[in-house]
Amino acid sequence: MESDDPEGEGPHKGFRITPAGGRELDQWLRTPPETVPPPRDELVIKVLVALSVPGVDVHELIQVHRRHLVELMQHYTYLKAEASEHDVGLALVVDAELFRLEAVVRWLDAADVRLTSLPAASPSAAPAVPARRRRRLEVGR
Numbered sequence: 057m058e059s060d061d062p063e064g065e066g067p068h069k070g071f072r073i074t075p076a077g078g079r080e081l082d083q084w085l086r087t088p089p090e091t092v093p094p095p096r097d098e099l100v101i102k103v104l105v106a107l108s109v110p111g112v113d114v115h116e117l118i119q120v121h122r123r124h125l126v127e128l129m130q131h132y133t134y135l136k137a138e139a140s141e142h143d144v145g146l147a148l149v150v151d152a153e154l155f156r157l158e159a160v161v162r163w164l165d166a167a168d169v170r171l172t173s174l175p176a177a178s179p180s181a182a183p184a185v186p187a188r189r190r191r192r193l194e195v196g197r
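Residue 77 in the numbering used here sits at position 21 of the sequence shown, and the numbers go up by one each step.
If you want it as C-alpha cells, here you go:
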C-alpha cells in the first residue's frame, strides 16, 4: 500500500494498493482458511466433564446451554431485521454467526439424543480412558 499524497497527513489521507500488494491481496483472498478445529471447545469439554461428575444432570445442562444459544440467535436475527437492507457487510457477519450458533445447537441436540440412548446415563457408564492414553494426559499436566 502506498499513499496518494506522501506529504499529506491526517485521517483523510488516501492510499492505494501497489501492484505487489494487489498480488499479495489476491493470493490471500484465494487461499482457503485453515479448517482445523480449535484445540479446545469449552462446551464439548463441559458436557464431557458433566458426564463424569456425580449428581450433574447432563440433559439439563445441555438445555441450559441450548436456551442461551437460541436467545443469542434471536438477538442476531433482530439485529439483521433492524439493519438497513443496504448494509450487506452486517448481514453477512450476522448470517455467519447465526450459522455458527445453529451448528452448536444442532450438536447439543445430537449429544442429548446420543446420551438419552445410553443404557445407563450415569458417570459409571462413561467410557473409561485407555491406560496408554491416561498416561499421556497425566504427563501433560
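Note that the Cβ used here is the ideal one computed from N, Cα and C, for glycine as well.
Fair warning: this is a prediction, and the values are worked out from it, not measured in the lab.
query = Who are the Cβ neighbours of Val195 in its own chain at under 6 Å, not counting the five residues just before and after it?
reply = Any answer about Val195 is weak, because its pLDDT of 37 lies below 50 and its placement is not dependable; what the coordinates show is given next. Result list for Val195: empty, nothing under 6 Å.
query = If you run the structure through DSSP and keep just helix, strand and coil, what is Arg96?
reply = coil
Any 3 or more C-beta pairs closer than 8 Å across the stretch 151 to 167 and the stretch 123 to 142 = yes
message = Checking 9 Å against the spacing of the C-beta atoms, do Leu171 and Ile101 come in under that value?
response = no
query = What are the boundary residues of the alpha helix (DSSP H) that Thr133 is part of?
reply = 114 to 138
Cutoff 6 Å; reference Leu148; Cβ partners in own chain excluding five residues on either side = none
query = Expressed to the nearest angstrom, what Euclidean distance is found between the alpha-carbon atoms of Glu98 and Val105?
reply = 10 Å
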